[in-house]
């Protein structure tokens, strides 16, 4: 299998696991399982914001390009220390048809079962319902309208002597043409 690794040392002292140590565990897993390491994407621990993640964005591009068969992480905390964000990121990777594998037994077990962690269960349900909603209403998630052209109805000219309020309002949806 063609593998992409992802590593990130989280800020602070709670997770002393360095990006280098995570990278070595990913490389060892790939070597021990006889797979091919295509890339290791890394985010710096001193990012200016939690969403400042060029390494994860590069990983998403690799996943969506079809150039890899699986993503390997050393620990779930490399994705995020927050379980909610972890589940969103896991769902994002899996939605492209690529499995996520952890080198640690506990994290690997969590990725393989649904488990009984209520936070993770709720987040998975919300993410699944959001995907259903987006699909049902034709939402792309890109912020661009997905409405195809619109129909405008011409109203007959108003009688100048008629004082009743029969004004129709016409709303025209304009979708980008390009």
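Residue numbers (this note's numbering): 996 to 1173. C-beta: ideal position from N, C-alpha, C; glycine also. Model, not experiment: these values are computed from the prediction.
- For residue 1051, the number of other beta carbons within 10 angstroms of its own is at least 16, and it is reported as buried.
- Pairing residue 1131 with residue 1059, the inter-Cα distance amounts to about 23 Å.
- Counting the other Cβ atoms within 10 Å of the Cβ of residue 1102 gives 16 or more, which makes it buried.
- The C-beta distance from residue 1098 to residue 1069 rounds to 5 Å, short enough to fall under 8 Å.
- Taken through DSSP and simplified to helix, strand or coil, residue 1004 comes out as coil.
- Taken atom to atom, the span from the alpha-carbon of residue 1002 to that of residue 1018 is near 6 Å.
- Taking all protein chains in view, the Cβ of residue 1038 is crowded by 16 or more other Cβ atoms within 10 Å, so the residue is classified as buried.
- Beta-carbon to beta-carbon, residue 1082 and residue 1118 are separated by about 4 Å, close enough to satisfy the 8 Å threshold.
- Where residue 1112 is concerned, there is no enclosing beta strand (DSSP E), because DSSP gives it neither an H nor an E.
- For residue 997, the beta-bridge partners assigned by DSSP are 1031.
- In this structure, the CA atom of residue 1040 is about 14 Å from the CA atom of residue 1016.
- In this structure, DSSP gives residue 1120 a helical state, which the three-state scheme calls helix.
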